[in-house]
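> In my numbering, the protein residues as written are 21 to 417.
Where a beta carbon is used, it is the ideal one built from N, C-alpha and C, also for glycine.
1) Which residues mark the beginning and the end of the alpha helix (DSSP H) in which residue 318 is found?
2) Got a sec? Which residues, its chain only, sit under 6 Å from residue 96 by beta carbon, not counting five neighbours each side?
3) Which residue marks the beginning of the alpha helix (DSSP H) containing residue 218, and which one marks its end?
4) Quick one: what does DSSP say residue 172 is sitting in, helix, strand or coil?
5) Just checking my contact of residue 52 with residue 69 at CB under 8 Å: how many whole Å lie between their CB atoms?
6) Could you have a look at residue 262 and say whether DSSP puts it in helix, strand or coil?
7) Once you ignore the five residues that flank residue 432 on each side, which residues in its own chain have a CB closer than 7 Å to its CB?
8) In whole angstroms, give me the CA-to-CA distance for residue 37 and residue 369.
9) Between the segment 88-104 and the segment 55-75, are three or more C-beta pairs nearer than 8 Å?
10) At the level of alpha carbons, what is the spacing between residue 269 and residue 285?
11) With burial defined as no fewer than 16 other Cβ atoms inside 10 Å of the residue's Cβ, what is the status of residue 156: buried or exposed?
12) Does residue 350 pass the burial test, meaning 16 or more other C-beta atoms within 10 Å, or should it be called exposed?
13) Does the count of Cβ pairs from the segment 313-332 and the segment 276-283 closer than 8 Å reach three?
14) Hey, out of 354, 367, 187 and 41, whose CA is closest to residue 121's CA?
15) Do you know offhand how far residue 166's Cα is from residue 273's?
16) Tell me whether residue 363 sits in a helix, a strand or coil according to DSSP, three-state version.
17) Expressed to the nearest angstrom, what Euclidean distance is found between the alpha-carbon atoms of residue 139 and residue 184?
18) How should residue 147 be labelled, buried or exposed, when 16 other C-beta atoms within 10 angstroms of its C-beta is the threshold for buried?
19) Measuring alpha carbon to alpha carbon, tell me which residue in 74, 127, 149 and 72 is nearest residue 358.
20) Report buried or exposed for residue 365, applying the criterion of at least 16 other Cβ atoms within 10 angstroms of its Cβ.
Structure representation (structure tokens):
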């Protein structure tokens with residue numbers, strides 16, 4: 021006989037759930053309509069009915085270890101059909117933010133970002149004060165004479181030291197959070213195959229945002245997320261190319277607008293703007309259908325747009341504005357980048373890590389016939405195409 025499950029409700033967790041926009045979870049009476057209509061839920065572990073129950077009980081650690089939170093893409097088919105208007109899609113979004121906080125290291129950073137509704141002045145203001153203080157110590161905030169070259173105002177060594185330190189912090193924080201989630205989600209289940217074996221199909225899925233195609237009401241969100249993802253990829257590639265151009269090719273800054281790094285960087289900026297505005301417009305125009313926005317979600321989107329617009333304005337300011345104004349914009353841009361990177365393991369940016377791990381876990385715990393079904397279908401299609409080509413070739417001879 022199985023031992024009974026001991027549940028100790030977490031009152032603090034339930035209070036946080038209500039504060040961050042998940043109060044509608046209390047309306048759920050476990051009819052399971054949400055799980056029945058979700059096209060993304062695995063057959064053996066449907067969601068979000070179970071997660072709604074766990075939210076009502078305040079089961080913080082169990083939810084943080086639950087891969088289903090990340091398999092949910094907030095399609096909102098469940099919300100649209102819920103007979104109690106419990107809004108399961110919105111509740112799952114809040115639960116993801118609370119799960120990120122639970123998995124965070126150090127916990128204080130998770131709490132700061134998780135409570136962005138109150139802490140946003142701190143999260144945005146401290147990096148600005150940091151850069152102003154650093155530049156004051158370095159050269160007394162001396163503004164260069166025109167023509168303006170930004171590395172005369174913010175020397176490269178400062179940028180390297182600051183962002184290398186932040187990168188190391190982010191890598192360690194992501195590593196600790198990812199390790200916790202992988203270990204917690206794997207307790208009591210058996211995984212099959214190797215991690216890398218299942219990672220490639222997951223990355224292919226994420227690169228195309230294929231699962232969003234199964235969404236109903238929130239299907240348009242697919243292209244907003246798609247544009248943001250590839251905007252970040254383009255920005256990362258451009259940054260790498262600039263380093264190569266400077267130290268590998270000996271190119272001087274500022275680079276010409278026709279330089280490959282500039283072109284890729286500008287394309288990335290355009291994608292970030294398009295993606296950000298697509299998501300923002302969808303939330304504002306029909307949030308009851310697409311999904312309601314909470315502070316955790318809005319803060320990340322605001323920082324992304326702030327980084328993008330200040331970057332564009334800094335580039336234009338270097339060419340057309342007074343040096344004082346251009347340097348001010350540049351400091352705001354550098355500060356916004358610090359906020360974006362420093363909060364990455366604790367903000368919605370962390371979805372890229374936890375959703376990837378959850379999708380790999382899903383494949384590794386699914387029965388072999390299910391986890392390999394999609395790959396087998398692709399192979400069969402390729403085999404059929406090859407047979408058709410061979411038959412056409414034989415007919416031609």
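Reading from the atomic positions:
1) 315-340
2) 109, 237, 238 and 311
3) 215-228
4) helix
5) 5 Å
6) helix
7) Lying before the first or after the last residue shown, residue 432 is absent from the chain, which here runs from 21 to 417.
8) If I take the Cα positions, the gap works out to 20 Å.
9) yes
10) 18 Å
11) The C-beta of residue 156 has fewer than 16 other C-beta atoms within 10 Å across all chains shown, which makes the residue exposed.
12) Result: buried.
13) no
14) 367
15) Looking at the two C-alpha atoms, the distance is approximately 15 Å.
16) coil
17) 25 Å
18) buried
19) 149
20) buried
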